[in-house]
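These protein sequence lines are chains Z and X, in that order. Letter 51 of the first sequence, counting from 1, is numbered 51 in this note's numbering, and no numbers are missing. Letter 147 of the second sequence, counting from 1, is numbered 508 in this note's numbering, and no numbers are missing.
Protein chains: 2
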Amino acid sequence: MPPVSMKASVFKGPKKIQYSNVPTPKLQSPKDAIIQVKATALCGTELHMYRGDVVPKSNGYITGHEFNGTVVAIGDQVTSFKVGDEVISTFTSQCGECWACIDGLSSSCVDSKVFGTWALDGGQAEYVRIPYADNVLYPLPKNIDRFTALLMCDIFPTGWLCVNNYLKKIQFNKEKLKTDVILQLGVGPVGLCCIAAAKEIGVQNLYVVDSVESRLQEAEKLGAIPINLNNEKDIPQLIKDKTNGKGADAIFELVGNSSALKLGFDTVRSAGFISSIGYHHEPLPFDGLQCYLKNISLQFGRCPVRSIFDESFKTFQKVAYKFDGFIDVKLPLSQVSKAYEIFDQHKARKIAFLIDDKLYL
Amino acid sequence: MPPVSMKASVFKGPKKIQYSNVPTPKLQSPKDAIIQVKATALCGTELHMYRGDVVPKSNGYITGHEFNGTVVAIGDQVTSFKVGDEVISTFTSQCGECWACIDGLSSSCVDSKVFGTWALDGGQAEYVRIPYADNVLYPLPKNIDRFTALLMCDIFPTGWLCVNNYLKKIQFNKEKLKTDVILQLGVGPVGLCCIAAAKEIGVQNLYVVDSVESRLQEAEKLGAIPINLNNEKDIPQLIKDKTNGKGADAIFELVGNSSALKLGFDTVRSAGFISSIGYHHEPLPFDGLQCYLKNISLQFGRCPVRSIFDESFKTFQKVAYKFDGFIDVKLPLSQVSKAYEIFDQHKARKIAFLIDDKLYL
């Protein structure tokens, strides 16, 4: 039986992440499970709230949507898991029964919630409650270490989705991936996952933009062609020069702000495609006439990790070795406040937490 | 040999369409042809300039982008047509040789121009010059009268495209067309073409919105379910009620203004699709966060009639009989100013002009 109280990272407001003593979660529904967390990480999306760009409906929730651990309690209706199972969670909960879940659009689930938000306590804690456990948990992958496996909660499927959106758009014509020129905006952790997925799926000409040199070096190792935003004044023209004046066939947009989307719009060719998985919080930097005249197609939104888990995991298994040591900073959860600060300042590529100062392997 | 001067409809500014004497066009390039116009029509897109919503770079051009007639002169490099051929034109010119033309994206042709704009004189005239004639003209279809055939210049392929964009989005899964609920915004001439194409292709549940009752009656005859914007206060809720709270699977947006796009955005379900072929000239009525949270996909833009002519024509041949009498007003070209006025006031469904007061059949 879990103890009555536990340690957790609590969001108290922008730049205020507090390591706190809170009540241990209990089963609330027969479909719930309780997980003892053994590894958890910090995701770039959480910085939107940390920085105050996105304001939660309320404060006081437990942060974190990337975690894995051991099942310590299950409700009566949980059939796929039992106490003692080692599991990994998707970064959202989803019911598995609504039209969206059935249709392969789990991020549109009518009762979907994101862990580590005002709507659902997260996993930067000793324990976490999992609603709809049968539809949220997966067995922890074997042969992949617990920390690398955290990438499957959110960022690898999300990066993979960004590529797959384009593959769908071109009717799965993989021959086009060999000749098309793609510009990716953002080379944070999701961006690196996106590059690994893109190269594995068959993208040949992948330019990537960021302003952090160390990220660009990682990107180059994965096979992308790096462009430093600070050094290159006219990226649309640079890509035009590489494409006989045509522009990029597609944009992978992973930053989630207006200026990135503008750069993408300006760089994509006529009748091109923008696959945007960034978490936006600003106006769109183009109007109706520009969209019409550019014959543009755009796809936005949150990754339905549940719906694409199995397919993206096939790619992940092939490239997981490239992510050995990807989590470059591991801190005890008690240092969570400092971890957000470091991550916000791009001083770490990816941060994971040790729970109770223990390193579970 | 054509005479030195001819009669034509000239755009002099918003609400100023002038029947004028102008020089007859001449061959300017070995790829040009000159057509003696025998039927020409007025398209809804032209009302954007007429109303002043879209301001041309300069005035004084000959209007009209829907026309057919007889070849009276060809340049040395025109190989597919000869003097005396009866031909129909796409509403744009395109070179046929650039990456976009080769890639099936003729509306993105690097030298594409729209007839009847400041960039290229149009066909509401006795004669019209056709650049890249081999890539712009088609033999006038047999077994379809000259006036009904005008629909193939622009509006039928454009309506067809709106449907085909969705078919591509769902990976040509025609089974989905039977169960999906689609909301179409706008039932002008393109809208009626879109309905006819949608029903022929297999859309079962097609709701259509307009404020003009006579248009809605036509829509209903073609198999759509009409919704009068003036009578229905909450269309998103109406469609939710019809779909167990889900919303429309797709939106066909043919109006080209911000309020239509807003209505579409509010009515489409999560992870839905907006196929927009309206000619927009306003800001987009949604922001980045709304797009992200809705997991929306959007496709905008001008129809590549040249690239889809053959495919859309297959559908047109099956439904052309439904468009007998579709052009409900035929006027001599000398009445062009009055024709724009009538059309602007929705007093005609579709207007065609008789050249020289002659009715060519």
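Ideal placement from N, C-alpha and C gives every residue a C-beta, glycine not left out.
Quick one: what's got a C-beta closer than 6 Å to residue i's C-beta in the same chain, skipping five residues either side?
{"i": "I612 of chain X", "result": "L544, G625, V629, I635"}
{"i": "I380 of chain Z", "result": "What is shown of chain Z runs 1 to 361, which leaves residue 380 of chain Z out entirely."}
{"i": "G425 of chain X", "result": "T401, G477, G483, G484, Q485"}
{"i": "L538 of chain X", "result": "G563, V564"}
{"i": "K57 of chain Z", "result": "W118"}
{"i": "N496 of chain X", "result": "Q455, G457"}
{"i": "Q660 of chain X", "result": "N526, S636"}
{"i": "R215 of chain Z", "result": "V187"}
{"i": "F517 of chain X", "result": "C554, F677"}
Give the single residue among the options whose Cα lies nearest to the Cα of residue i.
{"i": "V570 of chain X", "options": "X:I588, X:H641, X:L583", "result": "X:I588"}
{"i": "G256 of chain Z", "options": "Z:G272, Z:H280, Z:N244", "result": "Z:H280"}
{"i": "K7 of chain Z", "options": "Z:Y61, Z:F172, Z:L27, Z:G247", "result": "Z:Y61"}
{"i": "T45 of chain Z", "options": "Z:D241, Z:Q317, Z:E220, Z:P189", "result": "Z:P189"}
{"i": "G104 of chain Z", "options": "Z:E311, Z:I88, Z:G123", "result": "Z:E311"}
{"i": "I395 of chain X", "options": "X:D446, X:L408, X:V415", "result": "X:D446"}
{"i": "L167 of chain Z", "options": "Z:E200, Z:I144, Z:V187", "result": "Z:E200"}
{"i": "I669 of chain X", "options": "X:V448, X:W521, X:M362", "result": "X:W521"}
{"i": "L615 of chain X", "options": "X:L546, X:N420, X:N566", "result": "X:L546"}
{"i": "E220 of chain Z", "options": "Z:I88, Z:V54, Z:N205", "result": "Z:N205"}
{"i": "F353 of chain Z", "options": "Z:V114, Z:Q217, Z:R146, Z:R129", "result": "Z:R146"}
{"i": "E341 of chain Z", "options": "Z:Q171, Z:I88, Z:K233, Z:R51", "result": "Z:R51"}
{"i": "E579 of chain X", "options": "X:N382, X:D685, X:C523", "result": "X:D685"}
Do residue i and residue j have their CB atoms nearer than 8 Å?
{"i": "A494 of chain X", "j": "K392 of chain X", "result": "yes"}
{"i": "G649 of chain X", "j": "E126 of chain Z", "result": "no"}
{"i": "C43 of chain Z", "j": "D154 of chain Z", "result": "yes"}
{"i": "P139 of chain Z", "j": "M152 of chain Z", "result": "no"}
{"i": "T453 of chain X", "j": "S441 of chain X", "result": "no"}
{"i": "C303 of chain Z", "j": "T148 of chain Z", "result": "no"}
{"i": "G223 of chain Z", "j": "D249 of chain Z", "result": "no"}
{"i": "L150 of chain Z", "j": "E66 of chain Z", "result": "yes"}
{"i": "S695 of chain X", "j": "I378 of chain X", "result": "no"}
{"i": "K12 of chain Z", "j": "N59 of chain Z", "result": "yes"}
{"i": "V398 of chain X", "j": "G430 of chain X", "result": "yes"}
{"i": "R710 of chain X", "j": "F687 of chain X", "result": "yes"}
{"i": "I586 of chain X", "j": "Y568 of chain X", "result": "yes"}
{"i": "G301 of chain Z", "j": "K655 of chain X", "result": "yes"}
{"i": "G247 of chain Z", "j": "A260 of chain Z", "result": "no"}
{"i": "T676 of chain X", "j": "A558 of chain X", "result": "yes"}
{"i": "P131 of chain Z", "j": "V72 of chain Z", "result": "no"}
{"i": "K169 of chain Z", "j": "S270 of chain Z", "result": "no"}
{"i": "V87 of chain Z", "j": "L137 of chain Z", "result": "yes"}
For residue i, which of helix, strand or coil comes out of DSSP?
{"i": "T117 of chain Z", "result": "strand"}
{"i": "M367 of chain X", "result": "strand"}
{"i": "I235 of chain Z", "result": "helix"}
{"i": "L284 of chain Z", "result": "coil"}
{"i": "Y50 of chain Z", "result": "helix"}
{"i": "D602 of chain X", "result": "helix"}
{"i": "S86 of chain Z", "result": "Per the sequence shown, residue 86 of chain Z should be read as Glu rather than Ser. In the structure shown, E86 of chain Z sits in a strand (DSSP, three-state: E or B)."}
{"i": "T401 of chain X", "result": "strand"}
{"i": "D219 of chain Z", "result": "For clarity, residue 219 of chain Z is Ala in the given sequence; the question names Asp instead. Correct three-state label for A219 of chain Z: helix."}
{"i": "S80 of chain Z", "result": "coil"}
{"i": "K16 of chain Z", "result": "strand"}
{"i": "A461 of chain X", "result": "helix"}
{"i": "A709 of chain X", "result": "coil"}
{"i": "A585 of chain X", "result": "coil"}
{"i": "P492 of chain X", "result": "coil"}
{"i": "K330 of chain Z", "result": "strand"}
{"i": "Y568 of chain X", "result": "strand"}
Short of 7 Å in beta carbon distance, which residues of its chain neighbour residue i, apart from the five on each side in sequence? Order them along the chain.
{"i": "D76 of chain Z", "result": "P30"}
{"i": "H707 of chain X", "result": "V573"}
Below 8 Å CB to CB, which residues in the same chain sit around residue i once its five sequence neighbours on both sides are set aside?
{"i": "S258 of chain Z", "result": "H280, E282, P283, L284, P285"}
{"i": "V4 of chain Z", "result": "P23, T24"}
{"i": "Q28 of chain Z", "result": "R129, P131"}
Under 8 Å (Cβ pairs) to chain Z, residues found in the stretch 626-637 of chain X: The residues in question are R630, S631, A632, S637.
Chain X contacts from the stretch 89-100 of chain Z (Cβ-Cβ distance under 8 Å): W99, A100
Proximal residues, the stretch 401-418 of chain X versus chain Z, C-beta separation under 9 Å: V415
Contact list for the stretch 643-662 of chain X against chain B, Cβ threshold 8 Å: Structure shown: chain B not included; protein chains present are Z and X.
Chain-ordered residues of the stretch 183-211 of chain Z with a beta carbon less than 9 Å from chain X: Here the close residues number zero.
Interface positions of the stretch 467-494 of chain X facing chain Z (Cβ-Cβ less than 7 Å), listed along the chain: S468, S469
Residues in the stretch 605-629 of chain X having any Cβ partner in chain Z nearer than 9 Å: Those residues of the stretch 605-629 of chain X that come within reach of chain Z (Cβ to Cβ, closer than 9 Å) are N605, G606, K607, G617, N618, S619, L622.
Members of the stretch 528-539 of chain X that neighbour chain Z once the beta carbon cut-off is set at 9 Å: From the stretch 528-539 of chain X, only K529, K530, Q532, F533 have a Cβ closer than 9 Å to chain Z.
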